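Visitor: Below is a structure I'd like to ask you about.
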Amino acid sequence: MLRIGNASGFYGDRFGAMREMLTGGPLDVVTGDYLAELTMLILGRDRLKDPGLGYARTFLRQLEDTLGLAHDRGVRIVANAGGLNPAGLAAAVRELADRVGVPVKVAHVEGDDLTPRFPGVLTANAYLGGAGITACLAAGADVVVTGRVTDAALVTGATAWRFGWGPEAYDELAGAVVAGHVLECGTQATGGNYAFFAEAGRDVRRPGFPVAEIHPDGSSVVTKHDGTGGFVDIGTVTAQLLYETGGVRYAGPDVTARLDTVRLEQDGPDRVRISGVRGEAPPPTLKVGLNRLGGWRNEVVFVLTGLDIEAKARLVREQLEDALGKQPPAEMRWELARTEHRDADTEERAAAYLRLVVRDQDAEKVGRAVSSAAIELALGSYPGFHVTAPPGKGAPYGVFEAAYVDAGDVPHTAVLPDGERVAVPPPRRTRAVQDAEPGPLPEPPEPGPTRRAPLGLVVGARSGDKGGDANIGVWARTEGAWRWLAHELTAERLGELLPETAELTVVRHVLPNLRALNFTVAQILGEGVAAQARFDPQGKALGEWLRARHVDIPEALL
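Under this note's numbering, residues 944 to 1501 are what the sequence shown spells out, in order.
So, in structure tokens, the structure goes:
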């Protein structure tokens, strides 16, 4: 068995988690996921200022306090904190180890940076698999830092090393991918961001980070250190399994995991067993995340209080558009949030918010021009005029795109502790990803009386972003609820409940083993999180919006 604990779900996660994981219980490997689409843009801007940067600096600060602990306990550290500069981070870790007197061997993985191949982009990084990590650990590395690898590669690399799996051990690797996907977002597997967090007896004020006990056949048990907060049950694991996934085939550079084969069972308090995962050959191409600077943006939020909200919004909109004249910003987006309460007992509860977002290639058109026009209305617009904050001079925004390149064209390289460079070959066998046949639906429930109520009383949901797309995973906790949900919540019905999705391409994927539906919604997030195209730019709350919508639910389920 290999015990792998996660200590970071994103760049900026709980700083003390590394120490908590190393001191909280037994571990063999601790991983840290620091990278996301937005993070790569942030690191790209860091690199513009200083070519020696480009990595997650908080990781280095965490090691100052924990490198000795990990060495004393024999725990390997594997993290993608190298970002755009894994060699630079590896050198910095060696300097730190020398300074604190900890004799560790440090290796890194590189080759993902394809920026020169894509003119005009800020960053271009291929999503590598775990084989480079495996090579580094096999060479005796105590610390392995990588650039852009898939989140699950941190786990597949370590498990393939420990158990000696070859690149065509598809079922075993697929099991590790599923375990890695559950771990990658940290406390989202232990009660964080969980739909049913408010149920009695659940304390999620400070959830512990997750641990996976992985076995040689690829099966695993997800748990957490004893005495830490939060909880692990089939619901928390299901929620994370659905997070930021799409179809039944979950493709990656190591293997394509069949999510429709995943089986979960409660294995005791705070323990969920994952088994039955089947794998297929990986696709012949690697995804490449491209970040570029898209232009300049600014925003102003007008506070509208009391009566005549619609008329106040209409007045200030007409005034501002007139003030910007014949050369307004290329894009102007208005959104009125009707948050006011009737006969409110506080001023804030009487307020609604009108948000203006502007974008243009010209910084001046979204900066001083918009800010001045908004402020000059202060004494000549709607009654009660004020804004949430003084408008600024505008800021650059990013755009994310995905491209695909042949895996054999990417120089995946493991740089071992002694400096030897080992080329990691592409997969010998590949398989293009195709949509799987829809899973079988259960028998619909018998007709009976229904009651109008929020959907979230009987189902959970979790949503997230993938570039400009979003996914919404929905699951039922009982067989009866699943029989109803599978027939009630079609793609068309989702469009009725979430009107923002009605004109977009929505695809429904059925996962009967999980009693779950996973919806992918194309381009609801525009050009990605860095473009901030909508109120919730990462789609994190789409699932909770869906759960709040009222539908006719069988009374037997309530």
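Beta carbons are placed, not taken as given, at the ideal position from N, Cα and C, and that holds for glycine.
If you're wondering where the values come from, they're calculated on a predicted model, not measured in any experiment.
Can you list, in chain order, the stretches of the alpha helix (DSSP H) that have 4 or more residues and sit fully within the stretch 1047-1084?
Guide: Taking only runs of at least 4 residues, the alpha helix (DSSP H) segments lying wholly in the stretch 1047-1084 are 1074-1081.
Visitor: Just the Cα atoms here: how many angstroms apart are Thr1248 and Asp1288?
Guide: Here residue 1248 refers to the residue found at position 305 when the sequence shown is read from its first residue. Here residue 1288 refers to the residue found at position 345 when the sequence shown is read from its first residue. Rounded to whole angstroms, Thr1248 to Asp1288 spans 13 Å at the Cα level.
Visitor: Here's the rule: buried if 16 or more other CB atoms are within 10 angstroms of the residue's CB, otherwise exposed. What is Arg1451?
Guide: Position 508 of the sequence shown holds residue 1451. Buried, because 16 or more other Cβ atoms sit within 10 Å of the Cβ of Arg1451.
Visitor: Along the chain, where does the beta strand (DSSP E) that runs through Phe1462 open and close?
Guide: Counted from its first residue, the sequence shown places residue 1462 at position 519. Segment Ala1459 to Val1464, the beta strand (DSSP E) holding Phe1462.
Visitor: May I have a chain-ordered list of the beta strand (DSSP E) segments no shorter than 3 residues that lie completely inside the stretch 965-1010?
Guide: Those beta strand (DSSP E) runs which fall completely within the stretch 965-1010 and span 3+ residues are 972-975.
Visitor: Please determine, among Ala1200, Gln1131 and Ala1143, the residue with the shortest C-alpha to C-alpha distance to Arg1149.
Guide: Counted from its first residue, the sequence shown places residue 1149 at position 206. Comparing Cα-Cα distances from Arg1149 to each of Ala1200, Gln1131 and Ala1143, the minimum goes to Gln1131.
Visitor: Please identify the residue among Gly948, Gly1351, Val1300 and Ala1491 whose C-alpha is closest to the C-alpha of Phe1478.
Guide: Counted from its first residue, the sequence shown places residue 1478 at position 535. Closest option to Phe1478, Cα to Cα, is Val1300.
Visitor: Residues bridged to Gly1403 by DSSP?
Guide: Here residue 1403 refers to the residue found at position 460 of the sequence shown. Its beta-bridge partners are Trp1418.
Visitor: Assuming Thr1133 and Val1244 form a contact by the criterion Cβ under 8 Å, report the distance between their Cβ atoms to the nearest whole angstrom.
Guide: The residue you call residue 1133 lines up with position 190 of the sequence shown. The residue you call residue 1244 lines up with position 301 of the sequence shown. Rounded, the Cβ-Cβ distance is 35 Å, inconsistent with contact.
Visitor: Could you give the DSSP three-state label for Met961: helix, strand or coil?
Guide: Within the sequence shown, numbered from 1, the residue matching residue 961 stands at position 18. Looking at Met961 - three-state DSSP - the assignment turns out to be helix.
Visitor: Could you check what DSSP says for Val1121 in three-state terms: helix, strand or coil?
Guide: Translated into the one-based positions of the sequence shown, residue 1121 becomes position 178. DSSP places Val1121 in helix when its eight states are reduced to three.
Visitor: Apply the 10 Å Cβ neighbour rule to Lys1269 and answer buried if 16 or more other Cβ atoms are within range, or exposed otherwise.
Guide: Residue 1269 sits at position 326 when you count from the first residue of the sequence shown. Exposed.
Visitor: Buried or exposed for Gly1083, going by 16 or more other Cβ atoms inside 10 Å?
Guide: Mapped onto the sequence shown, residue 1083 falls at position 140. With fewer than 16 other Cβ atoms within 10 Å, it is exposed.
Visitor: Under the assumption that Ala1103 contacts Gly1073 (Cβ atoms under 8 Å), give the Cβ distance between them as a whole number of angstroms.
Guide: Translated into the one-based positions of the sequence shown, residue 1103 becomes position 160. Translated into the one-based positions of the sequence shown, residue 1073 becomes position 130. Confirmed, Cβ separation roughly 6 Å.
Visitor: Is Pro1226 helix, strand or coil when you go by DSSP?
Guide: Numbered from its first residue, the sequence shown carries residue 1226 at position 283. Of the three classes helix, strand and coil, the one that applies to Pro1226 here is coil, per DSSP.
Visitor: Helix, strand or coil: which one does DSSP assign to Asp1361?
Guide: In the sequence shown, residue 1361 corresponds to position 418, counting from 1. In the structure shown, Asp1361 sits in coil (DSSP, three-state: anything other than H, G, I, E or B).
Visitor: Would you check if there are 3 or more beta carbon pairs closer than 8 Å linking the stretch 1173-1185 to the stretch 1055-1072?
Guide: Not touching, per the Cβ criterion.
Visitor: When DSSP labels each residue in this structure, what does Glu1431 get in the three-state scheme?
Guide: As a working mapping, residue 1431 is identified with position 488 in the sequence shown. Three-state result, Glu1431: helix.
Visitor: If you compare alpha carbons, which of Asp956, Gly967, Gly955 and Val972 is closest to Gly948?
Guide: Residue numbering aside, residue 948 sits at position 5 when the sequence shown is read from its first letter. Of Asp956, Gly967, Gly955 and Val972, the residue nearest in Cα terms is Val972.
Visitor: Measuring CB to CB, does Val1043 end up less than 8 Å from Glu1007?
Guide: By 1-based counting over the sequence shown, the position of residue 1043 is 100. By 1-based counting over the sequence shown, the position of residue 1007 is 64. Yes, the Cβ-Cβ distance between Val1043 and Glu1007 is below 8 Å.
Visitor: Pick from Ala1357, Glu963, Met944 and Glu1344: whose alpha carbon is nearest that of Leu1071?
Guide: Translated into positions along the sequence shown, residue 1071 becomes position 128. Here the closest residue by C-alpha is Ala1357.
Visitor: If we ignore side chains and look at the alpha-carbon of each, how far apart do His1124 and Ser1162 end up?
Guide: Along the sequence shown, read from residue 1 onward, the residue named residue 1124 stands at position 181. Along the sequence shown, read from residue 1 onward, the residue named residue 1162 stands at position 219. Going from the Cα of His1124 to the Cα of Ser1162 covers about 13 Å.
Visitor: Whether or not the stretch 1417-1424 and the stretch 1458-1469 are in contact is what I'm after, with contact meaning three or more pairs of Cβ atoms, one per stretch, closer than 8 Å; do they touch?
Guide: Taking 8 Å as the limit for Cβ pairs, the verdict is that the stretch 1417-1424 does touch the stretch 1458-1469.
Visitor: Given that a residue counts as buried once 16 or more other Cβ atoms are within 10 Å of its Cβ, and exposed if not, what is Thr1089?
Guide: Within the sequence shown, the letter at position 146 stands for residue 1089. Buried.
Visitor: Between which residues of its own chain and Ala1499 is the CB-CB distance below 8 Å, once the five residues before and five after are set aside?
Guide: Counting from one through the sequence shown, the residue named residue 1499 turns up at place 556. Only Pro1388, Gly1391 and Gly1423 meet the Cβ criterion.
Visitor: Which word fits Lys1336, buried or exposed, when buried means at least 16 other C-beta atoms lie within 10 angstroms of its C-beta?
Guide: What you label residue 1336 is simply residue 393 of the sequence shown in a count that begins at 1. Counting Cβ neighbours within 10 Å, Lys1336 comes out exposed, since fewer than 16 surround it.
Visitor: Who are the Cβ neighbours of Tyr1045 in its own chain at under 6 Å, not counting the five residues just before and after it?
Guide: Start at 1 with the first residue of the sequence shown, and residue 1045 comes out as number 102. Residue identity check: residue 1045 is Val in the sequence provided, not Tyr. Correct list, in chain order: Leu1010, Gly1011 and His1014.
Visitor: Would you grab the beta carbon distance between Leu1454 and Leu1207 for me? Rounded to a whole angstrom, and I think it's under 8 Å.
Guide: In the sequence shown, residue 1454 corresponds to position 511, counting from 1. In the sequence shown, residue 1207 corresponds to position 264, counting from 1. So it is not a contact: roughly 11 Å between Cβ atoms.
Visitor: Using 8 Å as the threshold, is the C-beta distance between Thr1093 and Gly1170 below it?
Guide: Numbered from its first residue, the sequence shown carries residue 1093 at position 150. Numbered from its first residue, the sequence shown carries residue 1170 at position 227. Their beta carbons are not under 8 Å apart, which means Thr1093 does not touch Gly1170 by this criterion.
Visitor: Mind the definition here: the stretch 978-993 touches the stretch 960-967 only if three or more C-beta pairs lie below 8 Å; say whether that holds.
Guide: Cβ pair count under 8 Å is below three, so no.
Visitor: Let me check understanding here. Comparing Cα to Cα, which of Gly1471, Glu1111, Arg990 and Phe1140 lies closest to Arg1405?
Guide: Start at 1 with the first residue of the sequence shown, and residue 1405 comes out as number 462. Checking every option, the nearest Cα to that of Arg1405 belongs to Phe1140.
Visitor: Could you check whether the Cβ of Arg1490 sits closer than 7 Å to any heavy atom belonging to the ligand PLP?
Guide: No copy of the ligand PLP occurs in the structure displayed, which carries no ligand at all.
Visitor: Is it the case that the Cβ atoms of Val1121 and Val1220 are separated by a distance below 8 Å?
Guide: Here residue 1121 corresponds to residue number 178 of the sequence shown, with the count starting at 1. Here residue 1220 corresponds to residue number 277 of the sequence shown, with the count starting at 1. Going by C-beta atoms, Val1121 is nearer than 8 Å to Val1220.
Visitor: Can you have a look at Phe1152 and say buried or exposed, based on whether 16 or more other CB atoms are within 10 angstroms of its CB?
Guide: Taking the sequence shown and counting its residues from 1, one reaches residue 1152 at position 209. Buried: at least 16 other Cβ atoms inside 10 Å.
Visitor: Would you call the stretch 1307-1327 in contact with the stretch 1230-1246, where contact means no fewer than 3 C-beta pairs closer than 8 Å?
Guide: The stretch 1307-1327 vs the stretch 1230-1246: in contact.
Visitor: Taking Gly995 as the reference, which of Gly1026, Thr974 and Phe1328 has the closest Cα?
Guide: Locating residue 995 in the sequence shown gives position 52, counting from the first residue. Looking at the Cα atoms, Gly1026 is the closest of the given residues.
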